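In the working numbering, the protein residues as written are 400 to 532.
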């Protein structure tokens, strides 16, 4: 399997797609790989980490053989970003239940606040190597 950290995201969520584009732009070393929760990669990976795809209302980060969800996934992603964004990884010291409280508010309202696409984002040729499916 892929050695790079993998971020599984909701491919039809405008808010999620914004953060994927944000991460791609700030991950100059191209360490992060991406796949939609609706795709083949997620269907293969989620059961390996005992995550029920039907219950998925979160981003998932697979990193060093472990799966991180909700705020932990977002914070962990920051350690791979360039510049000052790497400092956001320091939020890991805040208890997960506090960060997840805010994460859940956004997650529950993301379609209402930011909209939803009819189908998953299709990366252009310049980004295809960053996406697993």
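Glycine included, C-beta positions come from ideal geometry on N, C-alpha and C.
Note that this is a predicted model, so its numbers are computed, not measured.
- For residue 433, the enclosing beta strand (DSSP E) stretches over residues 432-435.
- Secondary structure remark: continuous beta strand (DSSP E) runs of at least 3 residues inside the segment 464-492, in chain order: 465-468.
- For residue 442, same chain residues with a beta-carbon under 8 Å away, outside a window of 5 residues either side, are 452 in chain order.
- Under a 10 Å Cβ-count criterion, residue 502 is classified as buried, with 16 or more other Cβ atoms of the shown protein chains found around its own Cβ.
- Assignment of residue 424 by DSSP, reduced to helix, strand and coil, places it in the helix class.
- Residue 405 is bridged by DSSP to 432 and 461.
- Using a Cβ distance threshold of 8 Å, residue 517 and residue 469 do not count as a contacting pair.
- DSSP, read as helix, strand or coil, puts residue 511 in helix.
- For residue 472, the closest of 408, 522 and 403 by C-alpha to C-alpha distance is 408.
- Per DSSP, residue 525 lies in no alpha helix (DSSP H) and is assigned neither H nor E.
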